[in-house]
Amino acid sequence: MHKLLTENPGQKMLLLGNEAIARGAIEAGVAVASTYPGTPSSEISLNFFQMSQESDLYFEYSTNEKVAMEVAAAAANSGVRSMCVMKHVGVNVAADALMTLAYVGVKGGMVVLTADDPYMFSSQNEQDNRFYAKLSGLPLLEPSSVEEAKEMISYAFEISEKLQEPVLFRTTTRINHSSAIVTLGEIKTPQTKGDFVKDPLNLVTVPAVSRKLHVKLLENIEKAKDLTESSAYNFIQGDGKWGIVCNGVSYNYASDAIKELDIADKVRLLRVGFSYPMPEKIIKSYLKACEKVLVIEEGEPYMEEQIKAFAQEEGLTLSIRGKAKDLFTRLYEYDPAQVRENIAKFFGMPYTPAAKPDLSDVPQVPQRPPTLCAGCSHRATYYAVKKAAEGLGTIYPTDIGCYTLGVLPPLSTADFLLCMGSSVGTGCGFSVSTDKKVISFIGDSTFFHSGIPGLVNAVFNNHNFTLIVLDNSTTAMTGHQPHPGVNMKDFNLTGYGRVSIENVVRAIGVPHVEIIKPYRVNKSIAAIKEAIDYEGVSVIISKEACTLYAQNLKKARGKPFYINEKCTDHRECVNQLACPAFYIEDERVHINADLCSGCAVCAQICPEKAIVPVRSKEKIKSS
Amino acid sequence: MQTTRLIIVAVGGQGNLLASKVLGEAALLADIPVRMSEIHGMAQRGGVVESAVVFGDAESTIISDGEADVLVGFEPSETLRALNRCNADTIVITNTAKLPPFTVSIGQGTYPDLNELQELIRQKTARLVAFDALALAKEAGNFMSLNMVLLGSLIQTGLMPVSADNVKQAIRTSTKKAFIDTNIKAFELGFEAAAKAG
Ligand code: SF4
Ligand code: SF4
Chain A
893 MHKLLTENPG QKMLLLGNEA IARGAIEAGV AVASTYPGTP SSEISLNFFQ MSQESDLYFE
953 YSTNEKVAME VAAAAANSGV RSMCVMKHVG VNVAADALMT LAYVGVKGGM VVLTADDPYM
1013 FSSQNEQDNR FYAKLSGLPL LEPSSVEEAK EMISYAFEIS EKLQEPVLFR TTTRINHSSA
1073 IVTLGEIKTP QTKGDFVKDP LNLVTVPAVS RKLHVKLLEN IEKAKDLTES SAYNFIQGDG
1133 KWGIVCNGVS YNYASDAIKE LDIADKVRLL RVGFSYPMPE KIIKSYLKAC EKVLVIEEGE
1193 PYMEEQIKAF AQEEGLTLSI RGKAKDLFTR LYEYDPAQVR ENIAKFFGMP YTPAAKPDLS
1253 DVPQVPQRPP TLCAGCSHRA TYYAVKKAAE GLGTIYPTDI GCYTLGVLPP LSTADFLLCM
1313 GSSVGTGCGF SVSTDKKVIS FIGDSTFFHS GIPGLVNAVF NNHNFTLIVL DNSTTAMTGH
1373 QPHPGVNMKD FNLTGYGRVS IENVVRAIGV PHVEIIKPYR VNKSIAAIKE AIDYEGVSVI
1433 ISKEACTLYA QNLKKARGKP FYINEKCTDH RECVNQLACP AFYIEDERVH INADLCSGCA
1493 VCAQICPEKA IVPVRSKEKI KSS
Chain B
2 MQTTRLIIVA VGGQGNLLAS KVLGEAALLA DIPVRMSEIH GMAQRGGVVE SAVVFGDAES
62 TIISDGEADV LVGFEPSETL RALNRCNADT IVITNTAKLP PFTVSIGQGT YPDLNELQEL
122 IRQKTARLVA FDALALAKEA GNFMSLNMVL LGSLIQTGLM PVSADNVKQA IRTSTKKAFI
182 DTNIKAFELG FEAAAKAG
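Protein chains in written order, with this note's numbering: chain A, 893 to 1515; chain B, 2 to 199.
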């Protein structure tokens, strides 16, 4: 049985934040869950996916976040509890549905989880999604710890049902990817089927209806204000005159700092866990009890601005500070020492930070950026594209996935990136505004997510560019989730359809379509050349399974290669392909047989024909 | 309870997340408060993977620069890179078997000299335990049990608030069945190696 389905209230378990959240949803009796995978939220849905195979939970990997939001919205409007999970930028994709869902509301509880990523450990921006609550008028909850995240999910469902509105649940990477000891609660049996009651005058958002619904939303915000005032997740600790307001993980850093600086008797700390609407009454009376207030929140001055507005309304002039050159930054994530130092500074405490070692004589350690795996099919495709486009001035709009790693030399096949699907739309734009050849790259999962409308646009407006679909039969970067092009029978899962990328591309009417096997280097180069020469929209679908995934699934792995004595040490393989299985020892190139997947791409490009498959154990040693 | 802060750095695929999970499970068995965090964005693509383990009364799950009580490095150049996480009182344990990044093969940067690297760490911290953990993992029967070797030496130092028995029990419950014996053996070899290193 899946460990998160354990029925043993009171049992303690070491859980990852994302596991705790998934467990919290199960304890709350979630019936329908949907997602598009995105770090740092991915493990929540992975656990849902696994649990759905052995419980009544319905879970789906939707094609994108907007669809996921719509699926969950309809479920909640049929009276069942639903949850949709996405990374922060995913909410941008789903925002169109979300904004009007706030008008329509829900019947069963609905929780929308947004996993923000301060510092951008694995994201293209670090937008602060608390503003989505303000923008949509929906209640917002923010846990500070792994344990609290689990508890708060049930609370989120309760509030959602009380207000008949979806609730936003915001985490940051340091909640999603932290672990702590969590006490299991009781699992509520989910109500898996509901009923949809027709009510078009409240559910079909034509202008006349929406004008009414906006009034209802504003009334709901007023009701939410009562809830936030009495919420146990907004609490005050201490009765000193030094005010510290914090949320999320900054609460942890502030709590530790207060202990370490030994100032608990001086501080009055307000932790805001229900942060939209902000608890106005609590804050106004809190401000009156403080001499000065420091607001500690990663990201934007979301609370700070609101607190200052409350102070203004009360005619209070105490100093309220947070984001400032000499205090907290809007950039990246915070850490305990930074919070400790700023607290000491703001309240005028003597403080000497721990002496840091003098590292001036430490040599520069060579960088270790993540790189495409040994034998990754994307490397093979990129090599072929670069050969086919040799001598042409090209622009390479790219997209989001493992293949974005092509940005690094020597591949250097990424020139422009905005968001999921942007390779296609920006490809159209570059093709009309420059005379350069435009070659865009998009992964299979991203193609389904948001590449298709761009391609339709390209055909309709007759743009001149080549789109390369890197089809490796999985959503590799976020942990190998399936997508609509995957054959689910390979995983012994039934009840799924399958969509062929080739059929979609042809149905859109792309005039030049070719499928290549990227490990066949010369054939691929020839096919790509033809596509590049074509005036108009051309699409190449480069099909080869993600080698890491194939190895994980224990599919047979090719024989490793080694470099024999014919090698003349010009290192063309290293300099053009840079497969991480290569290494240099004793001034010679070698192949690490443990890493080599046997893709044979290097063997095809070696002009000396010095790279050959290993036939016996001896050869590995002599290489 | 006193707070103990541990940072583990490794290269993707070396299994440091499992090592910290075993430590966390051991703390759960010993009824010791523990919080951990990990950054593994692209762990499987050969990047750096870092985990932080905080034992005792603390709410934070991350450790600021200069504030690690113990640093365990699964790869020597990564241990050196993480020296900014240490202070003069930090105890450092490192594997000495190299795994040069591919940037070195394509001529971007040179791999630091192993002796110089150890000398630098020794100068700037309280103590360095350095040995070839990969060789011991292979001796235990599987190069993948490198993480358990280093866990053994970490526990031998007595700096962790969990006992060797707690950790061995956690290895039995949270590592793959087929590898339990190898992992326990690896743990013991690492334990002995640290004892010898004095
Ligand atoms: S996980 Fe798959 S797609 Fe990603 S780099 Fe590795 S082989 Fe390539
Ligand atoms: S065959 Fe060559 S390119 Fe392919 S994985 Fe092995 S070393 Fe890398």
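All C-beta atoms in this analysis are idealised placements derived from N, C-alpha and C, irrespective of residue type, glycine included.
Discussion item. Which residues does DSSP list as the beta-bridge partners of Val-1187(A)?
Written reply: Under the DSSP definition of a beta bridge, Val-1187(A) partners with Val-1137(A).
Practice prompt. Could you work out which residues of chain A lie near Gly-48(B), taking near to mean beta carbons separated by less than 7 Å?
Written response: Arg-1260, Pro-1261 and Pro-1262
Practice prompt. Less than 8 Å between the CB atoms is what I'm expecting for Thr-91(B) and Thr-126(B), so what's the real figure, rounded?
Written response: 5 Å
Practice prompt. May I have the straight-line CA-CA distance separating Ile-936(A) from Glu-952(A), to the nearest angstrom?
Written response: 12 Å
Practice prompt. State yes or no: is the C-beta of Glu-1517(A) within less than 7 Å of the C-beta of Val-1185(A)?
Written response: With chain A covering only 893 through 1515, there is no way to say anything about residue 1517(A).
Discussion item. Please classify Asp-58(B) as buried or exposed, where buried requires at least 16 neighbouring CB atoms within 10 angstroms.
Written reply: exposed
Fill in: Closest residue to Thr-992(A) among Lys-1248(A), Asp-1148(A) and Lys-1108(A) (Cα-Cα distance)
Lys-1108(A)
Discussion item. Cβ closer than 7 Å: which chain A residues qualify as neighbours of Lys-125(B)?
Written reply: Pro-1249
Worksheet item: Going by alpha carbons, who is nearest to Asp-1020(A) out of Asn-1139(A), Tyr-1388(A) and Tyr-1178(A)?
Response: Asn-1139(A)
Item to complete: Find the residues of chain A that neighbour Met-37(B), judging by a C-beta separation of less than 7 Å, and give them in chain order.
Response: Ser-1070 and Ser-1071, listed in chain order.
Practice prompt. Let me know the secondary structure DSSP gives Ser-1515(A) once reduced to three states.
Written response: With a pLDDT of only 38 at Ser-1515(A), under the threshold of 50, the placement of this residue in the model should not be trusted; the figure read from the coordinates follows. In the structure shown, Ser-1515(A) sits in coil (DSSP, three-state: anything other than H, G, I, E or B).
Fill in: For Tyr-112(B), the first and last residue of its enclosing beta strand (DSSP E)
Careful: Tyr-112(B) lies outside any beta strand (DSSP E) and carries neither H nor E.
Fill in: Spatially closest choice to Gly-1377(A) from His-1341(A), Gly-916(A) and Gln-1204(A), by CA coordinates
His-1341(A)
Worksheet item: For Glu-946(A), which option in Thr-898(A), Gly-1285(A) and Leu-990(A) has the closest C-alpha, if you only look at C-alpha atoms?
Response: Thr-898(A)
Worksheet entry | Residue from Ser-1489(A), Tyr-995(A), Ala-1419(A) and Asn-1456(A) with nearest C-alpha to Lys-1104(A) | Tyr-995(A)
Item to complete: Could you please give the first and the last residue of the uninterrupted beta strand (DSSP E) stretch that includes Cys-976(A)?
Response: Cys-976(A) -> beta strand (DSSP E) spans 974–979.
Discussion item. Does the CB of Met-2(B) have a neighbour CB from chain A at under 7 Å?
Written reply: So no, Met-2(B) is outside the interface.
Worksheet item: So is Lys-895(A) buried or exposed if we call it buried at 16+ other beta carbons inside 10 Å?
Response: exposed
Practice prompt. Would you please verify whether the beta carbon of Asp-1148(A) is less than 7 Å from any beta carbon of chain B?
Written response: yes
Item to complete: Run the CB neighbour count on Leu-906(A), radius 10 Å, all protein chains shown included, and call it buried at 16 or more, exposed below.
Response: buried
Worksheet item: DSSP three-state call for Thr-176(B): helix, strand or coil?
Response: coil
Worksheet entry | Near-chain A residues of the region 102–123 of chain B - C-beta to any C-beta below 8 Å | Pro-102, Phe-103, Thr-104, Val-105, Ser-106, Ile-107, Gln-109, Gly-110, Thr-111, Tyr-112, Pro-113, Glu-117 and Leu-121
Practice prompt. Name the residue from Leu-1119(A), Cys-1438(A) and Arg-915(A) whose alpha carbon lies nearest to the alpha carbon of Glu-1078(A).
Written response: By alpha-carbon distance to Glu-1078(A), the top candidate from Leu-1119(A), Cys-1438(A) and Arg-915(A) is Arg-915(A).
Item to complete: Would you verify that the beta carbon of Ile-63(B) is, or is not, closer than 7 Å to some beta carbon of chain A?
Response: Interface with chain A (7 Å Cβ-Cβ cutoff): Ile-63(B) is included.
Worksheet item: Excluding the five sequence neighbours on either side, which residues of its own chain have a C-beta within less than 7 Å of the C-beta of Val-1348(A), listed in chain order?
Response: Here the set comprises Ile-1400.
Item to complete: Give me every residue whose Cβ sits closer than 5 Å to any heavy atom of ligand 2, in chain order.
Response: Ala-1266(A), Gly-1267(A), Phe-1453(A), Cys-1471(A), Ala-1473(A), Ile-1483(A), Cys-1488(A), Ser-1489(A), Cys-1491(A), Val-1493(A) and Cys-1494(A)
Worksheet entry | Contact under 7 Å by Cβ, Cys-1488(A) with Ala-1473(A) | The answer is yes: Cβ separation under 7 Å.
Worksheet item: Where DSSP assigns a beta bridge to Phe-188(B), which residues make up the other side?
Response: Bridge partners of Phe-188(B): none, in fact.
Worksheet item: Are Val-985(A) and Phe-1061(A) close, meaning C-beta to C-beta below 7 Å?
Response: no
Worksheet entry | Whole-angstrom distance between Ile-1331(A) and Ser-1071(A), CA atom to CA atom | 42 Å
Discussion item. Between Pro-1452(A) and chain B, is any beta-carbon pair separated by less than 7 Å?
Written reply: no
Practice prompt. Report the neighbours of Asn-1(B) on chain A: residues whose CB is nearer than 8 Å to its CB, in chain order.
Written response: The question about residue 1(B) has no answer here: the residues shown for chain B are numbered 2 through 199.
Worksheet item: Taking Cβ positions, are Val-163(B) and Gly-191(B) nearer each other than 7 Å?
Response: no
Worksheet entry | beta-carbon Ala-1368(A) near ligand 1 non-hydrogen atom, thresh 6 Å | yes
Item to complete: Would you give the residue range spanned by the alpha helix (DSSP H) that Gln-1230(A) belongs to?
Response: Counting along the chain, the alpha helix (DSSP H) containing Gln-1230(A) begins and ends at 1228–1238.
Discussion item. Quick check on the DSSP output: the alpha helix (DSSP H) that includes Thr-1064(A) runs from which residue to which?
Written reply: Per DSSP, Thr-1064(A) belongs to no alpha helix (DSSP H); it is in the beta strand (DSSP E), 1059–1064.
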